[in-house]
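One structure is given here, and the rest of the page talks about it.
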Amino acid sequence: MSIYENKLGIKAWAEADRPREKLLQQGRRQLTDAELIAILIGSGSRNETAVDLSKRILSSCHNDLHKLAQLGVKELSKFKGIGEAKAITIVAALELGRRRKDAEPAEVQKINSSLDAHRTIKADLADLPHEEFWLLLLNRANIVIGKHFVSKGGQAGTVVDPKMIFKIALEHGAASVVLAHNHPSGSLKPSTADVSITKKLMELGKMMEIAVHDHLIVYNETFLSLADEGYV
33 MSIYENKLGI KAWAEADRPR EKLLQQGRRQ LTDAELIAIL IGSGSRNETA VDLSKRILSS
93 CHNDLHKLAQ LGVKELSKFK GIGEAKAITI VAALELGRRR KDAEPAEVQK INSSLDAHRT
153 IKADLADLPH EEFWLLLLNR ANIVIGKHFV SKGGQAGTVV DPKMIFKIAL EHGAASVVLA
213 HNHPSGSLKP STADVSITKK LMELGKMMEI AVHDHLIVYN ETFLSLADEG YV
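Heads up, the sequence shown is in our numbering, so the first residue is 33 and it goes up one at a time.
This is how it looks when you write it as structure tokens:
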């Protein structure tokens, strides 16, 4: 086999394309399903990377994680490159995901309060070691029509571009939005920058006829509403 035909192992990839390094550098939510499964698998073979093997498995399930979760150790072990140990790892990981989903309350569809907003967004901001900024998009009846990741920062803050906020809202036909970001430190006290950007976005929202109802600061199961607490 020539060097042009020989498939590269995962260690020979550019670092940015390797799933473990990508998770460390960009965060777990930036990985594809195949890349996440590749981390579980750990390694491919001489002729196939772990990601390619994962893509092959997903393809057999029409890229449907629910169908993948229905496969047992015996079915997964039929794929070349998947032994019993790797199959068990995949099954265990998917089962944990299912149990976490079952343990969560049903998704709130209508936002009548800051508590409703927190219930809807908290899972997206849970267990993060860095700050992320998210949007809840609502229609005129305050029904949730989407959740969108906006930006990622460090442990002390994240940059928010107002143009991006309203671009997302306009593209999805949102009548109003709720802002949310997490504080990895556990402190829910808003910074001066938090209050300032919220007031700015509220004013811009009035001009664009897209109401900014609230801004939540989240730490797992706890949160603070800038609107409820009178900061804005």
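Heads up, the beta-carbon is just placed ideally off N, CA and C, and yes, glycines get one too.
Reduced DSSP secondary structure (H/G/I, E/B, other) of A259: coil
Please classify H215 as buried or exposed, where buried requires at least 16 other C-beta atoms within 10 Å of its C-beta. buried
For the pair the segment 192-212 and the segment 166-177, tell me if three or more CB-CB distances fall below 8 Å. yes
Apart from the five residues just before and just after H247, which ones in its own chain have a Cβ nearer than 6 Å to its Cβ? L211, T230, L258
Contact with chain D by A70, beta-carbon distance below 8 Å: The structure shown contains no chain D; it holds only a single protein chain.
Specify the secondary structure class of F198 as computed by DSSP and reduced to three states. helix
Where does S91 fall in DSSP's three states? helix
For H204, three-class secondary structure by DSSP: coil
Pick from G205, T64, V182: whose alpha carbon is nearest that of I175? G205
Just the Cα atoms here: how many angstroms apart are T152 and A117? 36 Å
Return helix, strand or coil for L168, following the three-state DSSP convention. strand
Got a sec, what are the start and stop residues for the alpha helix (DSSP H) D96 sits in? Looking at the DSSP string, D96 is not in any alpha helix (DSSP H), and its letter there is neither H nor E.
Out of V123, L55, N252, which has the shortest C-alpha to C-alpha gap to E67? L55
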